[in-house]
Structures are given as structure tokens and as C-alpha cells.
Amino acid sequence: MIDKPTWRSTLKAYLYLLPMLLVIVTFNILPIFRSFEMSLWQDYNFFTQEVFEYGFGPFQEIFQDSDFWLAIRNTFIFVLGVVPVSIMISLGIAVLLNQIKFLSGFFRSIYFLPFVTSTVAVSIVWRWLYHSDYGLINYFLSFFNIEAIAFMEDPKFAMLALVMMSIWKGLGFNIVIFLVGLNNISDTYYAAAKIDGAGPWQRFTNITLPLLTPTMFLVSIMGVINSFKAFDEVYALFNGRPGPANSALTMVYYIFQKFYEESQYALASAAGIILFLIILVFTLMQMAVNRYINQQ
Numbered sequence: 001m002i003d004k005p006t007w008r009s010t011l012k013a014y015l016y017l018l019p020m021l022l023v024i025v026t027f028n029i030l031p032i033f034r035s036f037e038m039s040l041w042q043d044y045n046f047f048t049q050e051v052f053e054y055g056f057g058p059f060q061e062i063f064q065d066s067d068f069w070l071a072i073r074n075t076f077i078f079v080l081g082v083v084p085v086s087i088m089i090s091l092g093i094a095v096l097l098n099q100i101k102f103l104s105g106f107f108r109s110i111y112f113l114p115f116v117t118s119t120v121a122v123s124i125v126w127r128w129l130y131h132s133d134y135g136l137i138n139y140f141l142s143f144f145n146i147e148a149i150a151f152m153e154d155p156k157f158a159m160l161a162l163v164m165m166s167i168w169k170g171l172g173f174n175i176v177i178f179l180v181g182l183n184n185i186s187d188t189y190y191a192a193a194k195i196d197g198a199g200p201w202q203r204f205t206n207i208t209l210p211l212l213t214p215t216m217f218l219v220s221i222m223g224v225i226n227s228f229k230a231f232d233e234v235y236a237l238f239n240g241r242p243g244p245a246n247s248a249l250t251m252v253y254y255i256f257q258k259f260y261e262e263s264q265y266a267l268a269s270a271a272g273i274i275l276f277l278i279i280l281v282f283t284l285m286q287m288a289v290n291r292y293i294n295q296q
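Residue numbers (full-length UniProt numbering): 1 to 296.
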């Protein structure tokens, strides 16, 4: 029988939570409110941080900035290019790995290594792969009489290069999550389907996919959020530049430029608030879609 909570037990529980709550409030909650306040700095002293007037001027200014809209467009292209492809590839690999019994731990570790590898190290390798003169990708393309592609110099291919590297680096995490979901599916479903004459594809579409819906929802939510916050991949791959001719300029990189390079704190905070709202809207939309699917 479970004892009813008392004021003493409740206080004891809060004392256990207090250290982590202090960390969350200090490094997460307070910066959010500070960003909201800074986004309304319409007239302020840069050196003393003294604010003379609050208003929506920073929002109006970034809405008139062509680089801001370019960053939004590039960010959406990046999200649409990374998340769906990454989910499909990682799900396929997870299904195959789930059927491997011999050295299964070894293969799972191999696929997970890119995720825990430093982004800088990964970018160095991919810059070599993308090199227009001696890169491995262009070397294989030459077998098909395809001219060398300047992934790092041509604005038309910079985003493609960024998407390909990001998909490869993030596969390991998604694969592990999908493997957990696959292991939670009882073998009795597949045994019953085999008795009824269901083939591999029918078992996958009628058993695996429906029962993996919560896992796919989790992976898609995290994938969308992480893709909207893409920065280190851009910074590392293009040597501290947002790609040739800003072709890989993302929202977070735009915020970085405004805050650290141009010291326009109000504009950076306003862009951060807009990014927060975009992520919030997409998360709520995904939750609504997931709720609708579960009700069917």
C-alpha cells in the first residue's frame, strides 16, 4: 500500500530536486525571459546596456532583412532534406540490424560512432570527400563521365553537401531509438502473421510500422528540433562561413552573426524568438498529427 504524501515527504522530494531545478532555472528559464526582454530593445546604449525605449522595432528590422528570409528558406530546405531521408534510412538499417544475431553489438556500435564523433572531425573528413580535385566522391563520379562537382565552392551544391553530411552524422542516434522500438514489438504478432500467410512486406506495413508510430513520432520531433537549430555543422564544414554566397545560412547562424559578429543583441534576440515560435508551431502540428493517427 502506498503511503499518502505528507508535507514533510513533499518537502524532502523538492529538496532532492532543488539542485537540478536551480541549474534549469539559471541556464534555461532565465535566458528565455532575458531573450524576450532583449528582443524589445528598440533604443539602447551598446556599451552600458542601458535601455531607453522598448518596442517592436527589432522585429520590423529583421523582417526587412533579406538575409533573414534567406536563413528561413535555407533552414526549411535543410529540415525537409534531412529529417524524412534520415528517418527512412535509419529505419531500414534498424530493421536489418534487428535481424542480425551474429556480431549485432559490433554493427550497432559502428553505425553509432558518427553520432558521438566530434562535428569538427566529421567535417574535416567530409571536406576531403567533397574536394573538387581529389575528393573521393568526385573520384567515383568520374567513372560515369560526370564532371567534378564543386560542393564547397558552388552555391548550388553547398546545401546538398550540408544535408548529406548531417544525414550521415545523425543516423546512429535514430537507429538506436528504432532498435529499442523494434525490440519492444512482441514476436507473437509476426508469428501469427506468418501463419496467416503474410509476406515480409505485409508484416512490415501492417505490424512494424503501426507499432513503431510512437517511436517515429519521437524521432521526427527530435529531428525537426535539432535540424532547425543547425549551426555547428555549417560552421565546421565551411570553415566559419555560412557557405558560398550565404547558400548555407541557417537561422541559428543568422542569430550568431547578429549577436557575436555584429553585436546587434536586439536583432539576434528577435530572430531567436521567431525561431522558437517556428519550432513550437511545428512541434504542436506533429503532436496533433500523432494524436489523430492514434485515434484512427
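Ideal Cβ placement from N, Cα and C applies to all residues, glycine included.
Nearest to residue i (by Cα), restricted to the options the options
i                 : options                        : result
residue 304       : Asp43, Ala191, Ser269, Tyr292  : Residue 304 lies beyond the range of the chain shown here (1 to 296); nothing can be said about it.
isoleucine 175    : Met285, Val23, Met88, Leu40    : Met88
isoleucine 273    : Ser9, Phe27, Leu40             : Leu40
glutamine 295     : Thr205, Thr213, Ala245         : Thr213
phenylalanine 238 : Gly92, Thr75, Ser118, Glu153   : Glu153
isoleucine 72     : Ile293, Trp126, Arg291, Leu275 : Leu275
alanine 219       : Gln264, Pro244, Ser142, Asn290 : In the sequence as displayed, the identity of residue 219 is valine instead of alanine. It is Asn290 whose Cα lies nearest to the Cα of valine 219.
glycine 81        : Met159, Lys12, Phe46           : Met159
serine 227        : Phe204, Tyr253, Lys12          : Tyr253
threonine 215     : Glu262, Pro19, Gln286, Arg108  : Gln286
serine 247        : Val25, Tyr16, Leu70, Ser9      : Leu70
isoleucine 279    : Ile255, Ile225, Lys156, Lys258 : Ile225
serine 263        : Tyr189, Gln64, Leu18, Phe47    : Phe47
lysine 156        : Asp196, Pro244, Thr75, Ile195  : Pro244
Under the three-state DSSP convention, the category residue i falls into
i                : result
glutamate 53     : strand
glutamine 42     : strand
asparagine 184   : coil
aspartate 232    : helix
glutamate 262    : coil
threonine 48     : coil
lysine 4         : coil
asparagine 74    : helix
alanine 248      : coil
leucine 212      : coil
alanine 193      : helix
arginine 291     : helix
alanine 198      : coil
glutamine 60     : helix
phenylalanine 68 : helix
glycine 240      : coil
isoleucine 255   : helix
isoleucine 100   : coil
Beta-carbon proximity check, residue i vs residue j, cutoff 9 Å
i              : j                : result
alanine 230    : threonine 250    : yes
alanine 270    : phenylalanine 59 : yes
serine 166     : glutamate 233    : yes
alanine 161    : tyrosine 139     : no
tyrosine 260   : methionine 38    : no
glycine 223    : glycine 172      : no
leucine 182    : alanine 268      : no
threonine 283  : isoleucine 207   : no
isoleucine 177 : leucine 211      : no
tryptophan 126 : tyrosine 134     : no
isoleucine 62  : phenylalanine 68 : yes
tyrosine 111   : leucine 91       : no
heavy atom of the ligand MN below 8 Å from residue i C-beta
i              : result
asparagine 206 : The ligand MN is not part of the structure shown, which contains no ligands of any sort.
Q | Complete runs of the alpha helix (DSSP H) confined to the stretch 103-188 [at least 4 residues] | A | 104-116, 119-130, 136-141, 155-183
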